[in-house]
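K.L.:
In the working numbering, the protein residues as written are -4 to 344. All C-beta atoms, glycine included, are put in the ideal place defined by N, C-alpha and C. These numbers were taken from a predicted model, which means no experiment stands behind them.
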Ligand SMILES: NC(=O)c1ccc[n+]([C@@H]2O[C@H](COP(=O)([O-])OP(=O)(O)OC[C@H]3O[C@@H](n4cnc5c(N)ncnc54)[C@H](OP(=O)(O)O)[C@@H]3O)[C@@H](O)[C@H]2O)c1
């Protein structure tokens, strides 16, 4: 049986382009006992894929594998630490394991391929729900939603506090802002493009700063003159430098990700620590892989909120496996309008 894979051809200069990759055919190996053959239906495109591409040695290595030049692009960790950390929603075609049958939906996927052979122990069953689409398993109900819920929970957020989330219209940011709003916070997003209007008009954020058109510090002075109580940081870089200067006393900074830095060719110096001392700030980073056991609690809450219309989400879908590099470039330029997913099979909605 033949399949397609996307190969890293060189180390990208800045945001990856289609020329950094090639699409190649390969022959799928015969199944061994305990193995499962499954097809990719949906492939999630996450900022961390950029850090797994061949790149400058100074960058800290991500958790798990990285892609070497000439290898199939690595999309996640293998085996995924929990179902939520998988990059692929797939469907079983053949199985030599008693745990999986043809037609089963699975979480899996480690590399950008249309077909995968893997040990059954590396896969997780998906139980689709009637109220949500299969694509939501990678976004709202998947790792981004779970990350948002966990990160907001770390912030010790109080009603009436000012909560700022960078990349507020992104896969994680959309959920973080809505959950903060449900806790009674005044929520300010930072975003670009159509996401700026979307998070206010559709998701109910109180305001959103366009980082490409506005001065972030000036906008925060106007929107939050008493300072920012909680900053949920998805991007790092100059946006974070700006917010750090506008934190309130005893503010909390939840460090979720550094999306602005993944394309940089030179080391980043980071924000000055003076405000941390003077304003008695707490800075808390986290990696969701440590917290997979909490997922059922999040899922139960998310499904309840979706049923009540209290949690909204949108996906930015690219049709066609070959478009994965284009989708990654779109995400890393901030041009995405929601959770970026490549639909490999047109049978799924
Ligand atoms: N801690 C964890 O366990 C964990 C797990 C999963 C993901 N993450 C991290 O969570 C963050 C959000 O992930 P996501 O999947 O939801 O991605 P995302 O926010 O949907 O996409 C990245 C966004 O970053 C913004 N951005 C890109 N370049 C930027 C720049 N130079 N300056 C400022 N903003 C820039 C863009 O949004 P705008 O253009 O709208 O600003 C872009 O859409 C990422 O940093 C990711 O690595 C952390």
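List the whole-angstrom C-beta distance separating residue 250 from residue 159, where the pair is believed to meet the contact cut-off of C-beta under 8 Å.
P.N.:
With 8 Å as the limit, residue 250 and residue 159 do not qualify as a contact, their Cβ atoms being about 13 Å apart.
K.L.:
What is the residue span of the beta strand (DSSP E) that residue 215 lies within?
P.N.:
It is not in any beta strand (DSSP E) - residue 215 instead sits in the alpha helix (DSSP H) that spans 211 to 218.
K.L.:
Given that a residue counts as buried once 16 or more other Cβ atoms are within 10 Å of its Cβ, and exposed if not, what is residue 200?
P.N.:
Per the 10 Å Cβ criterion, buried.
K.L.:
Alpha carbon to alpha carbon, what distance is there between residue 124 and residue 298?
P.N.:
The alpha-carbon atoms of residue 298 and residue 124 are separated by roughly 9 Å.
K.L.:
Can you tell which of 130, 1 and 184 has its C-alpha closest to the C-alpha of residue 81?
P.N.:
Per the Cα distances, 130.
K.L.:
So residue 166 packs on residue 68, CB below 8 Å; how close in whole Å?
P.N.:
Not confirmed; about 19 Å, so no contact.
K.L.:
Grab the span of the alpha helix (DSSP H) containing residue 245 for me, first residue to last.
P.N.:
Careful: residue 245 lies outside any alpha helix (DSSP H), inside the beta strand (DSSP E) at 242 to 250.
K.L.:
With distances taken Cα to Cα, identify the nearest neighbour of residue 317 among 6, 11, 138 and 16.
P.N.:
Per the Cα distances, 16.
K.L.:
Buried or exposed: where does residue 1 fall if 16 or more other Cβ atoms within 10 Å of its Cβ makes it buried?
P.N.:
Result: buried.
K.L.:
Identify which residue in 258, 263, 216 and 332 has its Cα closest to the Cα of residue 240.
P.N.:
Residue 216 is the option with its Cα nearest to residue 240.
K.L.:
What's the gap between the Cα of residue 8 and the Cα of residue 179?
P.N.:
Taking the straight line joining both Cα atoms gives about 43 Å.
K.L.:
Tell me, please, whether the stretch 132 to 142 touches the stretch 72 to 81 by the rule of three or more beta-carbon pairs shorter than 8 Å.
P.N.:
At 8 Å Cβ cutoff, the stretches touch.
K.L.:
By how many angstroms is the C-alpha of residue 277 removed from the C-alpha of residue 304?
P.N.:
The alpha-carbon atoms of residue 304 and residue 277 are separated by roughly 33 Å.
K.L.:
Going by beta carbon distance, what residues of the same chain come within less than 7 Å of residue 284, once the five residues before and after it are set aside?
P.N.:
Around residue 284: 58, 76 and 80.
K.L.:
Thinking C-alpha only, which one of 10, 248 and 275 is nearest residue 151?
P.N.:
The residue with the shortest Cα to Cα distance from residue 151 is 248.
K.L.:
Compare the Cα-Cα distances from residue 342 to each of 42, 35 and 5 and report the closest residue.
P.N.:
Nearest option by C-alpha distance: 35.
K.L.:
Are residue 11 and residue 320 closer than 8 Å when you measure CB to CB?
P.N.:
Yes.
K.L.:
Taking the beta strand (DSSP E) that residue 280 falls in, what are its first and last residues?
P.N.:
Looking at the DSSP string, the run of the beta strand (DSSP E) that includes residue 280 is 277 to 280.
K.L.:
Within the continuous alpha helix (DSSP H) that includes residue 103, where are the two ends?
P.N.:
Premise fails: residue 103 lies in the beta strand (DSSP E), 100 to 103, not in any alpha helix (DSSP H).
K.L.:
Rounding to the nearest angstrom, what Cα-Cα distance links residue 325 and residue 126 in this structure?
P.N.:
Taking the straight line from one Cα to the other gives about 29 Å.
K.L.:
Tell me residue -1's beta-bridge partners as DSSP assigns them.
P.N.:
20, per the DSSP bridge assignment.
K.L.:
Let me check you understand the geometry: is the CB of residue 309 closer than 7 Å to at least one non-hydrogen atom of ligand 1?
P.N.:
No.
K.L.:
Within the continuous alpha helix (DSSP H) that includes residue 261, where are the two ends?
P.N.:
It is not in any alpha helix (DSSP H) - residue 261 carries neither H nor E in the DSSP assignment.
K.L.:
Flag residue 12 as yes when its Cβ comes closer than 7 Å to any non-hydrogen atom of ligand 1, and as no otherwise.
P.N.:
Answer for residue 12: no, Cβ out of range of ligand 1.
K.L.:
Roughly how many whole angstroms lie between the Cα atoms of residue 346 and residue 83?
P.N.:
For residue 346 there is no data in the structure shown, the boundaries of the chain being -4 and 344.
K.L.:
Evaluate residue 221 with the Cβ neighbour count: other Cβ atoms within 10 Å of its Cβ, from every protein chain shown; 16 or more gives buried, anything less gives exposed.
P.N.:
It counts as exposed.
K.L.:
In whole angstroms, give me the CA-to-CA distance for residue 182 and residue 267.
P.N.:
Their backbone Cα atoms lie some 25 Å apart in a straight line.
K.L.:
With distances taken Cα to Cα, identify the nearest neighbour of residue 334 among 311, 327 and 323.
P.N.:
Comparing Cα positions, the closest option is 311.
K.L.:
Would you please state the rounded distance, in angstroms, between the beta carbons of residue 232 and residue 263? I believe it to be under 8 Å.
P.N.:
Contact holds; Cβ gap of about 7 Å.
K.L.:
Could you give the DSSP three-state label for residue 89: helix, strand or coil?
P.N.:
Strand.
K.L.:
Curious, which full-length alpha helix (DSSP H) runs of at least 4 residues does the stretch 283 to 329 contain?
P.N.:
Here the runs fully enclosed are 290 to 302 and 319 to 327.
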